[in-house]
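Here is the structure we will look at.
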């Protein structure tokens, strides 16, 4: 049969055309998703809003203070707990991950969710975010690490 170019597959009316169009759609959507993820990681911001749980436990407050201290020492970004900011970092506790575990998720809009299984998990998640984030002349940048971590 020989090799057909993608454009030749799209031009024909056949099952191969349907497959080619599906692949093109998937790649287009995936490309947009990747572009949004890269944008979220690449853009530095001058202010960050921390969103803590209602009546936060003591270690959540300590984690927020640790985050604020480290960020303000290393770059000129402001850390706020009310008002508007380009990035919001949500601190949450949901006991489903595993003892002292945490999950970090970065959304396409740049917001970050740090979910700890317990207070220590939240503190460890904040530590991981701080180790993977960086500051430069454009401000604070969220690191690229996302996922779940549970100590063994």
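Residue numbers (our numbering): 280 to 431.
Quick reminder that beta carbons are idealized off the backbone N, C-alpha and C, glycines included.
Item to check | Secondary structure, beta strand (DSSP E): runs of 3+ residues fully inside the region 348-382 | outcome: 357-359, 366-372
Next on the checklist: Let me confirm a value: residue 362 is counted as buried when at least 16 other C-beta atoms fall within 10 Å, else exposed. Which label applies?
Outcome noted: Counting from 1 along the chain shown, the entry for residue 362 is found at position 83. Per the 10 Å Cβ criterion, exposed.
Item to check | Of the listed residues 348, 372, 399, 398, nearest to residue 392 (C-alpha basis) | outcome: Your numbering for residue 392 matches position 113 in the chain shown. Closest by alpha carbon: 372.
Next on the checklist: Suppose you measure from the CA of residue 423 to the CA of residue 412; what does that come to, to the nearest Å?
Outcome noted: For this step, residue 423 is matched to residue 144 along the chain shown. For this step, residue 412 is matched to residue 133 along the chain shown. If you take the alpha carbons of residue 423 and residue 412, they lie about 8 angstroms apart.
Checklist entry - Does the beta-carbon distance from residue 401 to residue 342 come in below 8 angstroms? => result Counting from 1 along the chain shown, the entry for residue 401 is found at position 122. Counting from 1 along the chain shown, the entry for residue 342 is found at position 63. Cβ distance < 8 angstroms, so residue 401 and residue 342 count as in contact.
Next on the checklist: I need the boundaries of the beta strand (DSSP E) containing residue 427, first residue and last residue.
Outcome noted: In the chain shown, the residue the question calls residue 427 occupies position 148. Taken as a continuous stretch (DSSP letters only), the beta strand (DSSP E) holding residue 427 covers 426-428.
Next on the checklist: Rounded to the nearest angstrom, what separates residue 404 and residue 389 at their Cα positions?
Outcome noted: The sequence position of residue 404 within the chain shown is 125, counting from 1. The sequence position of residue 389 within the chain shown is 110, counting from 1. Their Cα atoms are separated by approximately 17 angstroms.
Item to check | Beta-carbon proximity list for residue 304, same chain, < 7 angstroms, skipping 5 on both sides | outcome: As a working note, residue 304 is residue 25 in the chain shown. Its pLDDT being 49, under 50, residue 304 is placed unreliably in this model, and the value from its coordinates should be taken loosely. There are no such residues.
Checklist entry - Do you know whose CA, among 397, 430, 419, 338, lies nearest residue 365's CA? => result Start at 1 with the first residue of the chain shown, and residue 365 comes out as number 86. Among 397, 430, 419, 338, the Cα nearest to that of residue 365 is on 419.
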